[in-house]
Amino acid sequence: MSESTWKRVLEGKIREDWGREIDVFETQIELRKKSKVEEKLFAEARLRRGVYGQRYDNGQRHDGEKTQTLTFPTGDLTKGPSTAWDAPGMMRIKLPMGRVSSQQLEVMCELAEEYSDQILHVTTRQDIQLHFVHIEDTPNLMRRLAAVGITTREACGNSVRNITACPLVGVCNDESFDVSPYANAMMFFLLGHDDVQSFGRKFKIAFSGCKTNPCGLVNFHDLGCIAATRTVNGEVKRGFEVYVGGGLGSVPQNAQLLEEFCPEEELFPLTQAVCRVFARLGEKDNRSRARIKFLVKKLGIEEFKRLTLEERAKLRPDERWTNFLDNLAITEEKPLKPPSKLPAGPHSAEFEAWRRTNVQPQRQEGYSVATVTMPLGDFTPDQGRAIADIARRYTGDSMRATVDQNWIFRWVSDGDLVKLHAELAAIGLGEPGSDRIGDVTSCPGTDTCKLGISSSRGLAGELRKRLAVEQPAAVDKLHIKCSGCFNSCGQHHVADLGFLGVSRAVNNRRVPHFQLVVGGQLQNNGGSYGLALGAIPSKRVPDAVSRLTKAYNERRQGEETFKAFVERVGKKEIKALIEDLSHVPPYEQDPSYYSDWGDPREYTIGDIGVGECAGEVVSFVQFGLQKSELEVFEAQVLLDEGKNDDAATRAYRAMLEAARALAKEKNANLGEEPEEIVREFKQHWVETKLFWDPFAGAKFAQYLFKAHEEAGGKTHSKESAHQLVEEAQLFVDAAHQAHTRIGTALP
Amino acid sequence: MIEKIQLKLFTKDDVPVEGYVPVFHRWIRERVLDELLIDVVDYSHVADGPHVVLIGHEVDYALDRGRGKLGLLFVHKRGPRPERLSHALARAVKAALLLEAEKGAEHPLQFRSDALLIRVADRLNAPNTDATYERLLPGLKRDLEALFGAGKFEIKRVGTTREPFTVEVKAEGAAPLAELVKRLSVS
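Which chain is which? The protein sequence lines are R and U, in order. 339 is the number that my numbering gives to position 339 of the first sequence; each next residue is one higher, with no gaps. 785 is the number that my numbering gives to position 38 of the second sequence; each next residue is one higher, with no gaps.
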């Protein structure tokens, strides 16, 4: 009996192309173990599968007294620069719009139990992350996700990341229309698209159904789309306000208006054109200035727009631009139960408290959206399975992860709210306080992130505990967000009170601090960013929060927002309120300042590694050539198995892949038809003698031409298949040489 | 061979475990266990889950409150598979005894020897089905008899098919852990 494997068990349940991609990744893993794939190339390939590094994966960890070496069994083998093979890593699971079915959630719970540390984590971009995952477990993990319709492709790396959207789309009172089908179709359109493979950095897209509410946070995205309508000749026309070049990080920038009204049928080509401009002109060498916001700033929005429209005009028409418009109902959700009214009370105090903060009525009468407050975005597999059951009982397959690291049920019939809350409370998830001051958002920080400077999760956990007591109404409505470093994954810029991890040297020792940022704005899609007021020792941050909220509560005028309060009172006076908290006593007097929240080790910044947010710059050509090499490898395996025709097909495909990778450099519109690839390759590389061996001339190119002529019409013997595989290998080698010769290869 | 085995030794009392974060950090620093330990994670904000986890390369050790019962959860992840249950159990009990010996802890831990949870987190090779139970039962019985004595324990399969294969073991009047560990080392 053959050994049971997930690949075999899930055969027929995974989309063919997704299954093939995972097989290729598994082959890449095997080749990397034999050092047959270059380190940086493998790193970017792994990142583009959502397999991320984690703190200490360089094999060094400060134990509070000294740095110790983590001696992993595989020794010097790496999965990227300074990244030990065996070091546990993070698996990011991208969930477009944060949307999850019960079945998908159950599978993710299984994966957390079998491959991770028994915890699932909701991120600030509607993903789920599993931590402490071994790279060799990832292909099976991906297969199990793919079998329920989830791909991790391009969850990390220099590509289009998860596409986020307001979690209330479709049920919100304020939206122009439901953006779900657009966001969903765009995710599939851009997934693996040729035009998003050569970015210098990542690219994040967000959708929002309205302009005023905070949920979509379009303003700080690389590309943001806000639903809008126009009436033309009496007909309501759907479209989007399109923004570009927003971003947080150390240089936060508001997105700029690219198109006031982009008709729905023009959204995808416009996006594709933006991607092409970014890939072509975006910074590649200086990683800290490679996001699109820098390009937009450098060119100016008018020039960027001109280039985008110029690129748009050159695009080859693609039926996927508009096909999805025929089926906008594809993402439509239907309630499981009929609408109903909440039974007359009295209800328990716990329920009323939860209802006040965690329930909001839908546009559809008789239904509500219920938010599950997830402390720090974490939950267990048991809780996840219970959530899946609750969804099946009350709402149908309709849940979404939110950027606040919570979870929402949509379409809860109002009459079920009491029971639903009781069931959540039974699994420890019935806490009130969603979207309130105690519902603190945080990135992973020093817990698991290689770039973390201070413990954002530790701080967020401490603030959650302290703010759990009843707060004055005005204070309760404030938002706190924490980031472990300037990369701002905690989105602290748009909070009323934001904290950004920094370190300070005091008497020759390092002390964890947080930079205080006040007065950001969540409204208007993260409409404006707060002001930095100076660094506070981590251990005094809760006191700072206490003083600032107290001052706001006592001195606010009317319905003044915190942002308006800060602007009226002035930075100087606000800073004076907390000035004394910046003092750090000597270590001998109070050593507690010298360790971070939740981490008793003496604080150090020695554990900061090289981040992988920036990925590795790998061009489309390099990826294509690597893919062609994998095809040759697969052909060799098939040849060994006596599958001659399959081996010959793979060998031909390897040459086509390599030829396409090269030809695409000369013609961005190149399609996938073999005839077109061969023609373009011949025109741009062979006739120009770029693909030309100093001794053999066009000999290697002829291998492709001959294989192309014979493709599909020939039965191969072992000898003829063997010859073709050999020729494919020579062709791929020649492609590498040609690419290097013209100087476009990266060092 | 047992794939991805997890064992939980329950504590006698339910106590706060946040204080064991520094303990586990010290275990890493002083290389208390003869294996590669990597980091400590505090999930005490999560209800009924792994609260404080000592992450290792082969094994994680979690002070776990799953299903509301506090215990030490031994999670074998990779590396040489324990040939028998008793080999995994020996490592889990060793860690439990070390935790009991942490006398400076604000909330000392004491572990029961009369109850045990055994889980196999491998749905491919050991789904939570009757067939898996029948296949694994003889091996489990053999090892548990060596530990508790023939007829001195009960095994009960628990959980649904969605959950990992799990059995609970009850052994009334079992010897203390320190005694059991001696039997494990000679079995």
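Don't be surprised by glycine CBs; every beta carbon is placed ideally from N, CA and C.
| query | result |
| --- | --- |
| Less than 8 Å between the CB atoms is what I'm expecting for threonine 357 of chain R and glycine 433 of chain R, so what's the real figure, rounded? | 5 Å |
| Using the DSSP secondary-structure output, state which residues sit across from valine 502 of chain R in a beta bridge. | R/His513 |
| Who are the neighbours of asparagine 875 of chain U on chain R, taking C-beta pairs under 8 Å? | Within 8 Å Cβ-Cβ: nothing; asparagine 875 of chain U doesn't reach chain R, min ~11 Å. |
| Go ahead and label threonine 124 of chain R buried or exposed: buried means 16 or more other beta carbons lie within 10 angstroms of its beta carbon, across all protein chains shown. | buried |
| If I'm right that serine 340 of chain R touches glycine 366 of chain R with Cβ under 8 Å, what's the distance once you round it to whole angstroms? | 6 Å |
| Comparing the C-beta of methionine 1 of chain R with each C-beta of chain U, is any distance below 9 Å? | Residue placement at methionine 1 of chain R is poorly supported in this model, since its pLDDT is 43, which falls under 50; the coordinates still yield a value, given next. No, because no Cβ of chain U sits closer than 9 Å to the Cβ of methionine 1 of chain R. |
| Out of curiosity, what's the CA-to-CA distance linking valine 787 of chain U and valine 768 of chain U? | 7 Å |
| Output the distance between the C-alpha atoms of tyrosine 52 of chain R and proline 167 of chain R, rounded to the nearest integer angstrom. | 26 Å |
| How many angstroms separate the CA atom of valine 218 of chain R from the CA atom of glutamate 673 of chain R? | 37 Å |
| Beta carbons nearer than 8 Å to chain R: which residues of the region 859-885 of chain U have them? | Ala868, Asp869, Arg870, Leu871 and Asn872 |
| Given that tyrosine 790 of chain U touches chain R, what residues does it touch there, using C-beta distances under 7 Å? | Ile119 and Asp378 |
| What runs of the beta strand (DSSP E), each 3 residues or longer, lie entirely inside the region 810-841 of chain U? | 818-823 |
| Does any residue of chain U have a CB that is nearer than 9 Å to the CB of alanine 87 of chain R? | yes |
| Nearest to alanine 422 of chain R by CA position, among R/Glu350, R/Ala473, R/Gly458 and R/Leu315, is which residue? | R/Glu350 |
| At which residue ranges does the region 642-711 of chain R contain complete alpha helix (DSSP H) runs of 4 or more residues, listed in the order of the chain? | 644-666, 674-681 and 699-710 |
| Check whether the Cβ atoms of glycine 490 of chain R and leucine 478 of chain R lie closer than 9 Å to each other. | no |
| Determine the chain U residues that contact threonine 71 of chain R at a beta-carbon separation under 8 Å, and present them in chain order. | Leu783 |
| Residues in its own chain within less than 6 Å of alanine 749 of chain R by CB, not counting five upstream and five downstream? | With chain R covering only 1 through 747, there is no way to say anything about residue 749 of chain R. |
| Compute the distance between the beta-carbons of arginine 555 of chain R and phenylalanine 562 of chain R, then report whether it is under 9 Å. | no |
| Rounded C-beta distance between leucine 267 of chain R and phenylalanine 240 of chain R? I'm assuming under 8 Å. | 6 Å |
| If you check the beta carbons only, do leucine 756 of chain U and phenylalanine 858 of chain U fall under 9 Å apart? | yes |
| Give the residues of chain R in contact with alanine 842 of chain U, contact being defined as C-beta atoms less than 7 Å apart. | Those do not exist, as alanine 842 of chain U stays about 16 Å from chain R at its closest Cβ, beyond 7 Å. |
| What's the call for alanine 313 of chain R, buried or exposed, on a 16-neighbour Cβ count within 10 Å? | exposed |
| For chain R, find out if any of its Cβ atoms is closer than 9 Å to the Cβ of proline 797 of chain U; answer yes or no. | yes |
| Could you check where the beta strand (DSSP E) with lysine 755 of chain U kicks off and where it finishes? | 752-758 |
| Assign proline 747 of chain R to one of two classes, buried (16 or more other C-beta atoms within 10 Å of its C-beta) or exposed (fewer than that). | Since pLDDT at proline 747 of chain R reaches only 30, below the 50 mark, its modelled position is unreliable, and no value is offered. |
| Just the chain A side, please: which residues come within less than 8 Å of serine 442 of chain R by C-beta, in chain order? | Structure shown: chain A not included; protein chains present are R and U. |
| Give me the residue from R/Thr229, R/Val617, R/Val511 and R/Thr649 with the minimum Cα distance to proline 585 of chain R. | R/Val511 |
| Taking the straight line between their C-alpha atoms, what separation do you get for proline 694 of chain R and alanine 165 of chain R? | 54 Å |
| Counting pairs of Cβ atoms below 8 Å between the region 670-688 of chain R and the region 643-662 of chain R, do you hit three or more? | yes |
| Can you give me, in chain order, the residues of the region 130-141 of chain R that have a beta carbon less than 7 Å from any beta carbon in chain U? | Phe132 and His134 |
| Would leucine 810 of chain U and valine 764 of chain U be called neighbours here (beta carbons separated by less than 9 Å)? | yes |
| Helix or strand or just coil, what does DSSP make of arginine 866 of chain U? | strand |
| Taking 9 Å as the CB-CB limit, is valine 822 of chain U close to chain R? | yes |
| What distance in whole Å lies between the Cβ atoms of threonine 83 of chain R and aspartate 117 of chain R, which are believed to be in contact at a cut-off of 8 Å? | With a Cβ gap of about 19 Å, aspartate 117 of chain R and threonine 83 of chain R do not count as contacting. |
| Looking at C-alpha atoms only, which residue of R/Asp382, R/Val418, R/Ala183 and R/Asp404 is the closest neighbour of cysteine 443 of chain R? | R/Asp404 |
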